[in-house]
Amino acid sequence: MPAGQLLYEGKAKQIYETENEKELLMKYKDDATAFDGQKKGVIQDKGIVNNRVTNLLFRLLEIEGIETHLIKQIDDRNSLVKNLQIIPVEVVTRNVVAGSLAQRIGKEEGFPLPTPIIELYYKNDDLHDPMINEYHARAMGWATDEQLKAIQGQALKINKVLQKLFDSINIILVDFKLEFGIYEGRVILADEISPDTCRLWDRDSFEKLDKDRFRRNLGQEAEAYQEVAKRIETALSK
Ligand code: TMP
């Protein structure tokens, strides 16, 4: 693995074709970027951890009734996924003020939100993924009203499932980013859920266990990623 032709290379993953046009191979890399690729680095074994974590979380979500693109994990860095038509709208769900929200509204990081906030961003690197709302997505034809409803409904349901899991392993799920795609007319969860795409804080120490360690030069990124994987594995093996 991988055997087919490289179709797409992103910052953290490569996508290969397979013999079946309805399936793709997703290969997770150790490369890390931040601030639209301005900061570049490598987090040792990140690809292995993110593949493992995404697979564990996606399997849990499937059990909870959320359809995902995951078909199966092939090996430590590769997973077989459904070939979706990706909706170019990134969905961020927030439970605690942090990151760009803290900056935008001038509130300190760590303020717990009484209800979750959902934000939409147009997935476009050249434009630095600008924030949009439902009106932009509908008017530009990026998603229909029905699809937007499905996306946001699923994001809130995923938030509940993940909050329950992370709560049980002493981690605060601060925020996370999701991507969705269309498969046989249905809106289903795509991409990954990992320490690259979530903010995860230890509930006792408030230590950051996610990509903010890399973004903010805090060091020990690999250890933090491994810690998250270990706690999730322990919780799900019970
Ligand atoms: P933000 O506070 O920087 O807007 O990030 C919100 C969440 O989205 C956070 O959990 C990190 C995640 N995220 C990505 O997965 N990819 C990105 O390119 C960015 C900017 C954020």
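If you count the sequence shown from 1, position 71 lands on 60 in my numbering, and the numbers rise without skipping. Every residue, glycine too, gets a C-beta built ideally from N, C-alpha and C. Everything numeric in this text was worked out from a predicted model, so none of it was measured.
**Request:** Report buried or exposed for residue 161, applying the criterion of at least 16 other Cβ atoms within 10 angstroms of its Cβ.
**Result:** Around the CB of residue 161, 16 or more other CB atoms lie within 10 Å, so the residue is classed as buried.
**Message:** For the pair the segment 202 to 213 and the segment 165 to 175, tell me if three or more CB-CB distances fall below 8 angstroms.
**Reply:** The segment 202 to 213 and the segment 165 to 175 do not touch, with fewer than 3 CB-CB distances between them shorter than 8 angstroms.
**Message:** Which residues does DSSP list as the beta-bridge partners of residue 74?
**Reply:** Residue pairing from DSSP places residue 74 in a beta bridge opposite 171.
**Request:** Kindly examine ligand 1 and report whether one of its heavy atoms sits closer than 7 angstroms to the Cβ of residue 30.
**Result:** If you check the C-beta of residue 30 against ligand 1, you find no heavy atom less than 7 angstroms away.
**Request:** Report the rounded CA-to-CA distance for residue 23 versus residue 29, giving the unit in angstroms.
**Result:** Approximately 7 angstroms between the Cα atoms of the pair.
**Message:** Within the continuous alpha helix (DSSP H) that includes residue 36, where are the two ends?
**Reply:** Residue 36 -> alpha helix (DSSP H) spans 35 to 52.
**Asked** At which residues does the alpha helix (DSSP H) containing residue 156 begin and terminate?
**Response** Taken as a continuous stretch (DSSP letters only), the alpha helix (DSSP H) holding residue 156 covers 134 to 157.
**Message:** Taking the alpha carbon of residue 164 as the reference point, which residue from 65, 152 and 134 has its own alpha carbon closest?
**Reply:** Distances from the alpha-carbon of residue 164 to those of 65, 152 and 134 put 152 closest.
**Message:** Quick check on DSSP: helix, strand or coil for residue 30?
**Reply:** If DSSP states are grouped into helix, strand and coil, residue 30 belongs with the strands.
**Message:** I need the DSSP call for residue 61, collapsed to helix, strand or coil.
**Reply:** Residue 61 falls in the strand class under three-state DSSP.
**Prompt:** So residue 69 packs on residue 14, CB below 8 angstroms; how close in whole Å?
**Reply:** Yes, they are in contact, since the Cβ atoms of residue 69 and residue 14 sit about 6 angstroms apart, within 8 angstroms.
**Item:** In DSSP terms, what residue 81 is bridged to
**Value:** Looking at the DSSP assignment, residue 81 forms a beta bridge with 108 and 166.
**Message:** For ligand 1, is there any heavy atom lying closer than 7 angstroms to the beta carbon of residue 118?
**Reply:** Correct: residue 118 has its Cβ closer than 7 angstroms to ligand 1.
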